[in-house]
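Following: one structure in structure tokens, then a few remarks.
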Amino acid sequence: MKPYELIDHTADIGIKVRGKTLEKLFNNAAVAMFDIMAKPFPLPAKAVVKRFRITVKAQDRTELLIRWLNELLFLSETQKIIFSHLKFKKFSDTGLEAQAQGIARKHFAMQVEIKAVTYHELMIEEKNGFEAQVIFDV
Amino acid sequence: METTQIPLEQLDPYRYQIPSSYKEGMRVPGRIYTSDRLLNDILKDKALEQVVNVAHLPGIVGQSMAMPDMHWGYGFPIGGVAATDPKQGGVISPGGVGFDINCGVRFIRTNFKQEEIQDRLNDLVATLFDFVPSGLGSKSGLRLNQNQVKQVLVKGSRWVVEEGFGTAHDLDATEDYGAIAGADPQAVSDRAYERGKCQVGTLGSGNHFLEVQVVDQIFDEDVARDLHLFKGQVAVMIHCGSRGLGYQVCDDYCHSIGHCLTKYHIEVPDRQLACAPVESLEGQEYLSAMRAAANFAFANRQYIMHQTRKSFEKVFRKNWETMGMQLIYDVAHNIAKIEKHKLANGRERPLCVHRKGATRAFPPGHPELAPRFQKIGQPVIIPGDMGRASYLLIGVESADETFYSCCHGAGRVMSRSKATKMFNVKDVLADLESRGVVIQAQSKATIVEEASGVYKDVTEVVDVVAQAGLSKKVCRMRPIGVVKG
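Here the protein sequences come in this chain order: A and B.
Under our numbering, the first residue of the first sequence is numbered 1354, with each subsequent residue one higher.
Under our numbering, the first residue of the second sequence is numbered 6, with each subsequent residue one higher.
Structure (structure tokens):
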């Protein structure tokens, strides 16, 4: 089962995403975002993997989620990559440090340009783990 | 998802009101411009709730308004118009402008009649597709260093013209002459520069497009003649914005202004409506960064127009002046502006007018228009969908109630995921072919998500704004060639 589902939004794209822990939720939200943006072609054996260390700080966990996703979008656009593996080294409600691996966009069929992650109707709820609703501006 | 519980009072056939008593915290009523028919679609999503939310903004003047192309957005509804009075604590909200700052439309005439180019149409569309980079993450042939981007942020279209890609005439035919005063490149982050440096002259993706169109109906002969428009004429429409630079500016300021809410004791119903007083340091800083991003968008459309002229020159082996490729006008439809308007008490005040998916529509004689538009008013460009039609309107005096604002397009009625379930690429392409439309797109997904059926009928939308006296119809154009991301 996918860890997220699409929400019907007239012009933009919304997701409802779940995770057993807050870290898993943040990871799944990022996976969902790149899943919407790009579908992989069969990867050639020599696809170069780029690695990044990402640090994000925020005032609360909702802001942290937005800043985390927007940071990944910024790197994805400027480095021309799609992120495939994300691992948190440090994680709290107000800050995180992650190691991220990305593969060049040329190995993907790009589907949708996500311009940004919005605060509109953003909710992080604790129920059997964590659940969040996120609206992307496309 | 329906918002039918929101009370709507019908004032006349095209005006509906949400009373300010509906929800605690509303400072003004909501005002919806629509028809009975279009209202059915509006009730299907959360757009009305967003009109109510906007009515909470400190210093809002008149009404929280929405145009007939309105639909659910984030923060403001798409089609939303709200003016605040800076002297009364009025605020500016990055969510009232959106991520694609100065997303807008440009309309260019030619001397050609359709029959004169029909046999070269495929070649023309292919050349435009080749000359104007489109699609996700597309890069421009124009690579700018940080200093050049800084100049673009201040000079807007003028920088592009000074580089040799246009004329002074183009600047006269652009909102704010292609450069909004008060832009500050220092207020724009390094990350925004990083995203923007390869993107002057790129179309982007989604609903952005470049279309070859034919004027197929004239409603106002005098204005059409004045603008050198005639039935059967070939024209070009360009729809795009400030690309990654604008998205980054909005993102940066959504955070910093979000932190202002406590400082200025402001409560808003949606965090995406975060705002700061226009006269505060934070408000002024956002305004100067937003203007810089807006100027970037004007420059983007100016350079795309240059590439369009080059494409025509290559295909028809004439220079663009001989082909009569003059710019009719360029409008912004995601923007906030400080403009002078008359309040209900008759006094004129500078107001901060947010237009989120709405177009400025100044009447004849407005001091901010170039001399050649003084007699006729400001051209207003309304793009429709890629299968049906687009419109050119003109500003009128009776639009003072909306601070001279009008609709911005057809307005979506269907989500992208629903579009993907309802349409397939083969059928959409067959439908376009049957309408005589040639298309080139980077992505099949875009073709399906932008199918005609996902939009309201632009003719119905335009009829509402014309009947409500927010602008006057000049002519209708139908697409014959489409370039998409």
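C-beta atoms are modelled at their ideal positions from N, C-alpha and C, and glycine is treated no differently.
For Glu465 of chain B, same chain residues with a beta-carbon under 7 Å away, outside a window of 5 residues either side, are Ser40, Arg42 and Leu43 in chain order. Interface annotation, Glu455 of chain B: not in contact with chain A, CB-CB separation never under 9 Å.
Across the stretch 416-446 of chain B, CB contacts with chain A closer than 9 Å involve Gly416, Arg417, Val418, Met419, Ser420, Arg421, Ser422 and Lys423, in sequence order along the chain. The DSSP-derived three-state label of Val1401 of chain A is coil. Shown here, Ile1407 of chain A sits in a strand according to DSSP, grouped into three states. Take Gln472 of chain B, set aside five residues on each side of it, and the residues of its chain with a beta-carbon closer than 6 Å to its own are Tyr19, in chain order. Here Gln379 of chain B has Pro369 and Gly370 as same chain residues with Cβ atoms under 7 Å from its own Cβ, once five neighbours each way along the sequence are excluded.
Under a criterion of Cβ atoms nearer than 7 Å, the residues of chain B adjacent to His1473 of chain A are, in order, Tyr79, Gly80, Asp275 and Gln277. Between the stretch 190-199 of chain B and the stretch 287-300 of chain B, the count of Cβ pairs shorter than 8 Å is three or higher; the stretches touch. Apart from sequence neighbours up to five positions away, the residues of its chain that approach Cys411 of chain B with a beta-carbon distance below 6 Å are Thr364, Ala366, Val385, Val470, Leu475 and Ser476, ordered along the chain.
Annotation: Cβ neighbours of Tyr252 of chain B in chain A (cutoff 7 Å, chain order): Lys1468 and Ala1469. According to the DSSP assignment, His1438 of chain A belongs to the beta strand (DSSP E) that extends over Ile1434 to Ser1445. For Gly101 of chain B, no CB of chain A lies under 9 Å from its own CB, so it is not counted at the interface with that chain.
Minimum Cα-Cα distance from Tyr409 of chain B among the listed residues B:Cys259, B:Cys280 and B:His346 corresponds to B:His346. Cβ contact annotation for Ala456 of chain B (same chain, cutoff 7 Å, sequence separation greater than five): Ala424, Phe428 and Val433, in chain order. When the Cα atoms are used, Met1390 of chain A and Ser395 of chain B turn out to be separated by approximately 29 Å.
DSSP lists B:Lys345 as the beta-bridge partner residues of Pro355 of chain B. For Phe1427 of chain A, a Cβ of chain B is located within less than 9 Å of the residue's own Cβ. Residue-level contact check: His260 of chain B touches chain A, since one or more beta carbons of chain A fall below 9 Å from its beta carbon. Ala1485 of chain A: member of the beta strand (DSSP E) spanning Phe1483 to Asp1490, first to last residue. Per DSSP, the unbroken beta strand (DSSP E) holding Ser69 of chain B starts and ends at Ile65 to His76. Counting only Cβ-Cβ distances below 7 Å, Glu287 of chain B has no contacts in chain A at all, with the closest Cβ about 16 Å away. Cβ neighbours of Asp177 of chain B within its own chain (closer than 6 Å, five residues either side excluded): Ala375.
Residue contact with chain B for His1362 of chain A: present (Cβ-Cβ distance below 9 Å to some residue of chain B). Listed along chain A, the residues sitting closer than 7 Å to Phe104 of chain B by beta-carbon distance are Lys1468, Ala1469 and Asp1490.
Look at Ser293 of chain B: its C-beta is not under 9 Å from any C-beta on chain A. Of all residues in the stretch 208-219 of chain B, those with a C-beta nearer than 7 Å to a C-beta of chain A are Gly209, Ser210 and Gly211, reading in chain order.
In the structure shown, Ile11 of chain B falls within a coil segment according to DSSP collapsed to helix, strand and coil. By the rule that beta-carbons nearer than 9 Å mark a contact, Cys412 of chain B does not touch chain A. Not flagged as an interface residue toward chain B: Lys1442 of chain A, since no C-beta distance is shorter than 9 Å. When secondary structure is reduced to three states using DSSP, Gln22 of chain B falls in the strand class. At least one CB atom of chain B sits nearer than 9 Å to the CB of Ala1462 of chain A. Cα atoms of Val228 of chain B and Glu353 of chain B: separation of roughly 29 Å, rounded to the nearest angstrom. Counting other Cβ atoms within 10 Å of its Cβ, Ser69 of chain B reaches 16 or more and is therefore classed as buried. Under the DSSP definition of a beta bridge, Ala184 of chain B lacks any partner. The bridge partners DSSP lists for Ile399 of chain B are B:Pro384 and B:Lys477.
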